[in-house]
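One structure below.
Residue numbers (the numbering used here): 2 to 130.
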């Protein structure tokens, strides 16, 4: 015995399936809305319960300037001259003479400097290809 459904029965079964699926989705979404609102309200209550801390102005200490010996300075000059020699090549670097070195304080932190250098490098590589 062969069981076949008429076109009307197939349509009715399809509509029931669609309504059950959509109904389930909307019920779950409404439950999620209630859970999120509940969590938000409990988080706000915890914030109100904690007293705000008193803000005290931060005192910056003056950076201590370390005294360097003459030998350390000469070693630093030798290292910088060697780095310039390696970077520029012997022909160009033979005309250079390191006369003085002074440290420049940077207001930027290492993260921003690294990010800036990486962005510049990426852009240069973009135009080389």
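Note that CB positions come from ideal geometry on N, CA and C, so glycine has one too.
Could you pull out every residue in the same chain whose Cβ sits closer than 7 Å to the Cβ of residue i, ignoring the five residues on either side in sequence?
i	result
residue 88	none
residue 131	The structure shown has nothing for residue 131, since the chain only spans 2 to 130.
residue 94	85, 86
residue 112	none
residue 82	99
Can you give the Cα-Cα distance for residue i and residue j, rounded to whole angstroms?
i	j	result
residue 37	residue 62	46 Å
residue 17	residue 39	33 Å
residue 119	residue 107	18 Å
residue 126	residue 57	47 Å
residue 121	residue 105	22 Å
residue 13	residue 41	42 Å
residue 48	residue 124	45 Å
residue 35	residue 24	17 Å
residue 91	residue 114	30 Å
Beta-carbon within less than 6 Å of residue i's beta-carbon, same chain only, minus the 5 sequence neighbours each way: which residues are those?
i	result
residue 70	none
residue 26	none
residue 5	none
Terminal residues of the continuous alpha helix (DSSP H) containing residue i?
i	result
residue 123	111–129
residue 72	71–89
>> I want to know whether the region 69–85 touches the region 98–117 - three or more CB-CB distances under 8 Å.
In response: yes
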